[in-house]
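Residue numbers (my numbering): 2 to 559. Note that beta-carbon positions come from the ideal geometry of N, C-alpha and C, so glycine has one too. Below is one structure, written out as structure tokens, with a few remarks after it.
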């Protein structure tokens, strides 16, 4: 009796388990394939990692369902009742209410300063993402300044040779400059110390840029391609978190697989494939006709007819470099060049426990506010010297839900990597110095300190600065199984590179694929042209590759 085709899926994250789920449930009782999922770590989920911290359910990785309209993740979460929980969870009340925007030095900014720049930034990003065009943008009322700035930035870009190799960062800064040009001769601000109007506006704009860095994983928005930004798609509807945790989706996908299909602790070190003709591989009991050999870090190996590679783009970048040999023979140039051109960044989350002064019971004044943080530039002589540089590139410090004792900040790029190297003590000291630097310069007495940005509510909000308790942080950049967080289209790459990422090897119909086609297939968020960087993009990619194999075998009559 002929052996069943063996499909090995590398990675037990969203893409890998979606593919496994589809392959297993689509073949019925005949079990057309021999299916194995190998995972290098000691858990399933990949970049989905639900955890607990100080009694709250939190997400160390993927957090949001980005739009509930049409999202397969939302559909699964609803079907398995994962959107209902009695246990408190991260962002269970959605985005925090109106945040306080605090400028370094303790100045709370009113809406007349923050709102115009926030609207400008949103309009510019809407232009970059194709949500607004020159024709659709209004021209009257308050919109005129913002849309004029966006249109001027568009004109500036196109007059300099179009958008080829233009960055989102450059477009945003051109828009800010155009806004200033259209709003000259305004009155200077009073009551903000040495902050001028222009310095404050630029700092608020930079705050939004830092938020955008965490959205995209581009450590520098000047590396984020402008033209490709408009290809990115989001689902309509609200963005929500999953009450029972994102891991509940993963566990549901894995639940249909028989015991033993998922093998943990099986880190792949090498994939040997046969792009040029077929030869049997020697095994202890003779020869095996399967064309792909997967080697593991413990020296063992496994043979397969097809391998679905779902490792991160960061691992692919590391594994296809000059000094590495993840694939033997190496992947063809069209594939490695796409891997090299695309961007892949690091985003980390920092959770901190906060508690009120133990000398008195908590009350309504002891809620840590949701803070948007506005900093002086790192090179400014006006900066608070004790605020560390890695804190200056975060945009917020907020409770994970109303009244929670757990606070959260997001970091991207080199600051996210630096965060991974810091001790808990260094982090607490840095965050404490930052919150202290947001307090008014004048010394508060007992009565007026409750009007400070922290409302006098942290464990110590006095001359010794603000103190926090426990610390928990993600470390996606240094984890060898991920080497980062998610992909973006970098300047010099394009959406076509994401399509190239998805192409299998050898291609069906090529001369090399006559005997053993589809030896290596690729899935994961970095292989989806319009939904890269998302869990639903990973889900779609897993379905795509499973369907590719199902179609192949059904076409040849097996």
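Under the three-pair Cβ rule at 8 angstroms, the region 289 to 299 does not count as touching the region 228 to 239. Nearest to residue 350 by alpha-carbon distance, out of 386, 321, 300 and 428, is 428. Looking from the CA of residue 501, the closest CA among 337, 172, 32 and 105 belongs to 337. Short of 8 angstroms from the beta carbon of residue 201, and not among the five residues preceding or following it, lie these beta carbons of its own chain, in chain order: 104, 110, 114, 190, 193 and 375. The beta carbon of residue 485 sits closer than 8 angstroms to those of 218, 313, 314, 315, 345, 346, 347, 477 and 478, all from its chain and outside the five residues before and after it, given in chain order. Below 8 angstroms, too few C-beta pairs join the region 56 to 70 and the region 31 to 38 to call them touching: fewer than three. Secondary-structure assignment with DSSP links residue 102 through a beta bridge to 373. Restricted to the region 484 to 559, the beta strand (DSSP E) segments that are unbroken, complete and at least 3 residues in length are 487 to 489 and 521 to 523, listed in chain order. Across the structure, residue 195 and residue 384 are spaced so that their CA atoms are roughly 11 angstroms apart. Excluding the 5 residues flanking it on each side, residue 420 has same chain C-beta neighbours closer than 8 angstroms at 349, 351, 391, 412, 428 and 474, in chain order. Boundaries for residue 196: no beta strand (DSSP E) harbours it, and the DSSP string shows neither H nor E there. The beta-carbon separation of residue 434 and residue 387, rounded to 4 angstroms, stays under the 8 angstroms limit for a contact.
Judged by DSSP secondary structure, residue 335 falls within the alpha helix (DSSP H) whose first and last residues are 334 to 342.
A distance below 6 angstroms between beta-carbons, with the five flanking residues on each side excluded, links residue 215 to the following residues of its chain, in chain order: 348, 411 and 413. If you compare the alpha carbons of 369, 253, 289 and 81 with that of residue 5, the shortest gap goes to 289.
Taking a 10 Å sphere around the C-beta of residue 382, we find fewer than 16 other C-beta atoms and assign the residue as exposed.
Between residue 311 and residue 69, the C-beta spacing is not below 8 angstroms. The beta carbon of residue 86 sits closer than 6 angstroms to those of 244 and 245, all from its chain and outside the five residues before and after it, given in chain order. Contact between residue 394 and residue 166 does not hold, since their C-beta atoms are separated by about 25 angstroms, which reaches or exceeds 8 angstroms. DSSP, reduced to helix, strand and coil, places residue 400 within a strand of the structure shown. The secondary-structure analysis by DSSP pairs residue 302 across a beta bridge with 296. In the same chain as residue 535, and ignoring 5 residues on each side of it, the C-beta atoms closer than 7 angstroms to its own belong to 67 and 526, in chain order. One Cα belongs to residue 505, the other to residue 265, and the distance between them is close to 25 angstroms. A distance of 8 angstroms or more separates the beta carbons of residue 223 and residue 177. Closest by C-alpha distance to residue 184, out of 117, 240 and 132, is 117.
Remark: fewer than three beta-carbon pairs, one from each stretch, lie closer than 8 angstroms, so the region 8 to 27 and the region 485 to 497 are not flagged as touching. Taking all protein chains in view, the Cβ of residue 257 is surrounded by fewer than 16 other Cβ atoms within 10 Å, so the residue is classified as exposed.
For the pair residue 186 and residue 483, the Cα-to-Cα distance works out to about 51 angstroms.
In the DSSP annotation of this structure, residue 347 is not part of any beta strand (DSSP E), being labelled neither H nor E. Look at residue 59 here: in three-state DSSP terms it is strand. About 14 angstroms separates the Cβ atoms of residue 8 and residue 274, ruling out a contact at the 8 angstroms cut-off. Excluding its 5 nearest sequence neighbours in each direction, residue 327 has C-beta neighbours in its own chain below 6 angstroms: 320, listed in chain order.
For residue 307, the enclosing beta strand (DSSP E) has its first and last residue at 307 to 310. Relative to residue 398, the option among 424, 426, 439 and 198 whose CA is nearest is 439. With respect to residue 530, residue 232 sits close: the two C-beta atoms are nearer than 8 angstroms.
Our two residues, residue 541 and residue 48, have alpha carbons roughly 16 angstroms apart in a direct line.
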